[in-house]
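Below: one structure, written as structure tokens.
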Amino acid sequence: MEIPVSSAMNQKPAWLRELFPWEQKTLRVNGRNMAYVDEGSRGARPVLLLHGNPTWGFLYRDFVDPLVKAGYRVVVPDWIGSGYSDHPRVDAALTLAHHIADLVSLIDQLDLRGFVIVGQDWGGPQGVGAALQRLDRLAALVLMNTWLFTDYVGKFHQSPLPWTTWHAPLIGQLLMKRFKVLSHAGPSAITVRGMSDAQQRGYHHVFDEPDSDHVVLTWPRTIPLREGDRGWADMTMIQRRLPELARTPAILLWAPEDAVFPIEYANRLKELMPHAQGPILFERAAHFLQDDRGPDLVAAIIPFLDSAVGIRL
0 MEIPVSSAMN QKPAWLRELF PWEQKTLRVN GRNMAYVDEG SRGARPVLLL HGNPTWGFLY
60 RDFVDPLVKA GYRVVVPDWI GSGYSDHPRV DAALTLAHHI ADLVSLIDQL DLRGFVIVGQ
120 DWGGPQGVGA ALQRLDRLAA LVLMNTWLFT DYVGKFHQSP LPWTTWHAPL IGQLLMKRFK
180 VLSHAGPSAI TVRGMSDAQQ RGYHHVFDEP DSDHVVLTWP RTIPLREGDR GWADMTMIQR
240 RLPELARTPA ILLWAPEDAV FPIEYANRLK ELMPHAQGPI LFERAAHFLQ DDRGPDLVAA
300 IIPFLDSAVG IRL
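Taking numbering that gives the first Met the number 0, I'd label the letters of the sequence shown as residues 0 to 312.
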């Protein structure tokens with residue numbers, strides 16, 4: 000059955016080019032268009048910058064130039080349902096397994112070898128989930144305010160407001176789709192450093208079209224909190240296979256002020272991945288730490304990559 004999608008926008012608006020000037024390319028992955036930025040030498044080590052909810056590649060705008068200047072190839076995909084990728088209108092097209100398969104397709108079509116996963120929020124499990132399917136090509140991991148397990152649930156994901164309210168059949172739809180409380184007021188609502196009007200618009204404009212933000216509601220409803228939940232089997236598989244990453248250089252960079260994935264999540268990741276460096280803490284940053292402390296984060300990532308894997312394949 001053909002899944003209805005909203006076509007990805009072909010060209011960025013002129014006002015956005017000053018903030019996000021890189022060419023948006025498109026690949027067909029599993030029957031849908033995935034947008035991505037691809038900068039730097041094709042012979043250099045690829046670094047995949049993976050966002051979460053409700054953001055898109057714009058979140059990594061402070062990372063692209065420094066990584067390219069340091070000698071790396073930078074690939075910044077927009078997950079299906081977000082950014083300039085296609086926006087399916089049905090949950091069945093936006094599962095954790097779908098997102099993992101989409102990234103595997105991107106990796107294969109671009110023939111990325113010796114790649115680095117940089118993942119935050121959903122970029123963690125979706126990125127690591129894909130990397131576990133291509134372990135022979137994985138070089139290193141950089142994880143920021145994310146999770147890869149089912150055996151710890153923090154306060155945010157158990158709270159009536161806002162978490163369980165977002166899951167409610169009627170009010171969740173009303174808040175998320177009609178009032179767009181997350182897609183149009185996510186990053187700008189919890190910024191620590193503050194945002195200009197243009198920066199806020201940069202995040203939110205990709206969800207302006209009615210019902211284009213289906214993924215923003217589907218992602219929270221896919222976080223597995225108990226056995227049988229959507230995504231439980233996939234996340235359990237990821238956690239079970241984490242020992243296979245024991246020889247993969249890894250580093251944890253964390254914003255302890257994040258209410259969604261506070262420091263307890265970093266501590267659990269460290270228990271599961273004891274070889275990982277860190278967690279290195281970044282104060283004055285909330286959930287979207289790439290926006291709050293982007294230059295500082297990339298300044299920590301580059302020397303880690305230089306020493307752990309280097310720019311050459």
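For each residue, glycine too, the CB sits at the ideal point set by N, CA and C. It should be emphasised that the depicted structure is a prediction, and the values quoted were computed from it without experimental measurement.
Mind checking which residues open and close the alpha helix (DSSP H) that includes residue i?
{"i": "I279", "result": "Run containing I279: none in the alpha helix (DSSP H); it sits in the beta strand (DSSP E), 276–280."}
{"i": "F303", "result": "288–307"}
{"i": "W231", "result": "231–240"}
{"i": "P65", "result": "63–68"}
So, helix, strand or coil for residue i, using DSSP?
{"i": "E263", "result": "helix"}
{"i": "D154", "result": "Checking the displayed sequence, the identity of residue 154 turns out to be Lys instead of Asp. Correct three-state label for K154: coil."}
{"i": "T221", "result": "helix"}
{"i": "E17", "result": "coil"}
{"i": "I310", "result": "coil"}
{"i": "R192", "result": "coil"}
{"i": "R200", "result": "helix"}
{"i": "K11", "result": "coil"}
{"i": "P76", "result": "strand"}
{"i": "L102", "result": "helix"}
{"i": "L47", "result": "strand"}
{"i": "L58", "result": "helix"}
{"i": "P186", "result": "helix"}
{"i": "L181", "result": "coil"}
{"i": "F148", "result": "coil"}
{"i": "L134", "result": "helix"}
Between which two residues does the beta strand (DSSP E) harbouring residue i extend?
{"i": "M143", "result": "137–143"}
{"i": "G118", "result": "114–119"}
{"i": "A130", "result": "Here A130 belongs to no beta strand (DSSP E); instead the alpha helix (DSSP H) covers 122–130."}
{"i": "L252", "result": "249–253"}
{"i": "D379", "result": "There is no way to answer for residue 379, as the model of the chain reaches only from 0 to 312."}
{"i": "V89", "result": "Where V89 is concerned, there is no enclosing beta strand (DSSP E), given that its DSSP letter is neither H nor E."}
{"i": "R283", "result": "Where R283 is concerned, there is no enclosing beta strand (DSSP E), given that its DSSP letter is neither H nor E."}
{"i": "L26", "result": "24–28"}
Assuming residue i contacts residue j under a Cβ cut-off of 8 Å, what Cβ separation, rounded to an integer in Å, is found between them?
{"i": "L147", "j": "M33", "result": "At roughly 23 Å, the Cβ-Cβ gap does not stay under 8 Å, so L147 and M33 are not in contact."}
{"i": "D120", "j": "G185", "result": "Actually they are not in contact, since the Cβ atoms of D120 and G185 sit about 11 Å apart, beyond 8 Å."}
{"i": "Y35", "j": "P76", "result": "4 Å"}
{"i": "P278", "j": "L251", "result": "4 Å"}
{"i": "T217", "j": "L93", "result": "4 Å"}
{"i": "H156", "j": "L224", "result": "6 Å"}
{"i": "V73", "j": "G39", "result": "5 Å"}
{"i": "L95", "j": "P124", "result": "7 Å"}
{"i": "A139", "j": "V259", "result": "Contact doesn't hold; Cβ gap of about 25 Å is too wide."}
{"i": "D290", "j": "T190", "result": "6 Å"}
{"i": "G271", "j": "N144", "result": "The sequence shown places Leu at residue 271, rather than the Gly named in the question. The pair is not a contact, with the Cβ atoms about 16 Å apart (cut-off 8 Å)."}
{"i": "Y59", "j": "I310", "result": "Not quite, the Cβ-Cβ distance comes to about 18 Å (not below 8 Å), so this is no contact."}
{"i": "A254", "j": "F281", "result": "5 Å"}
{"i": "W55", "j": "V205", "result": "6 Å"}
{"i": "R229", "j": "R220", "result": "7 Å"}
For residue i, count the other beta carbons within 10 Å of its own beta carbon; 16 or more makes it buried, fewer makes it exposed. Which is it?
{"i": "K68", "result": "exposed"}
{"i": "G227", "result": "exposed"}
{"i": "D85", "result": "buried"}
{"i": "R283", "result": "exposed"}
{"i": "S158", "result": "exposed"}
{"i": "D257", "result": "buried"}
{"i": "L137", "result": "buried"}
{"i": "S306", "result": "exposed"}
{"i": "R31", "result": "buried"}
{"i": "M0", "result": "Because the pLDDT of M0 is 31, which lies under 50, any placement of that residue in the model is unreliable, and the number read from its coordinates should be weighed accordingly. By the neighbour-count rule (16 or more Cβ atoms within 10 Å), M0 is not buried but exposed."}
{"i": "G193", "result": "exposed"}
{"i": "L134", "result": "exposed"}
{"i": "Q321", "result": "Since the first residue shown for the chain is 0 and the last is 312, residue 321 is missing from the structure and cannot be characterised."}
{"i": "A275", "result": "buried"}
Tell me whether residue i, by its Cβ, gets closer than 7 Å to a heavy atom of the ligand MG.
{"i": "S40", "result": "The ligand content of the structure shown is nil, which means the ligand MG is not present either."}
Indicate whether the contact test is met: 3 or more Cβ pairs, each with one atom in the segment 105–116 and one in the segment 46–62, closer than 8 Å. The count of Cβ pairs closer than 8 Å, one atom from the segment 105–116 and one from the segment 46–62, reaches three, so the stretches are in contact.
Whether or not the segment 225–239 and the segment 260–270 are in contact is what I'm after, with contact meaning three or more pairs of Cβ atoms, one per stretch, closer than 8 Å; do they touch? No, the segment 260–270 does not touch the segment 225–239.
Examine the Cβ distances between the segment 36–44 and the segment 9–17 and report whether three or more of them are shorter than 8 Å. When C-beta atoms of the segment 36–44 are compared with those of the segment 9–17, fewer than three pairs fall below 8 Å, so the two segments do not count as touching.
At a cut of 8 Å, does the segment 293–312 reach the segment 120–128 through at least three beta carbon pairs? The segment 293–312 is not in contact with the segment 120–128.
Quick test of the definition: if touching needs 3 or more C-beta pairs under 8 Å, does the segment 63–83 touch the segment 189–203? Three or more Cβ pairs closer than 8 Å define a contact, and the segment 63–83 falls short of that threshold against the segment 189–203.
Would you call the segment 211–221 in contact with the segment 71–83, where contact means no fewer than 3 C-beta pairs closer than 8 Å? Judged by Cβ distances under 8 Å, the segment 211–221 makes contact with the segment 71–83, as three or more pairs qualify.
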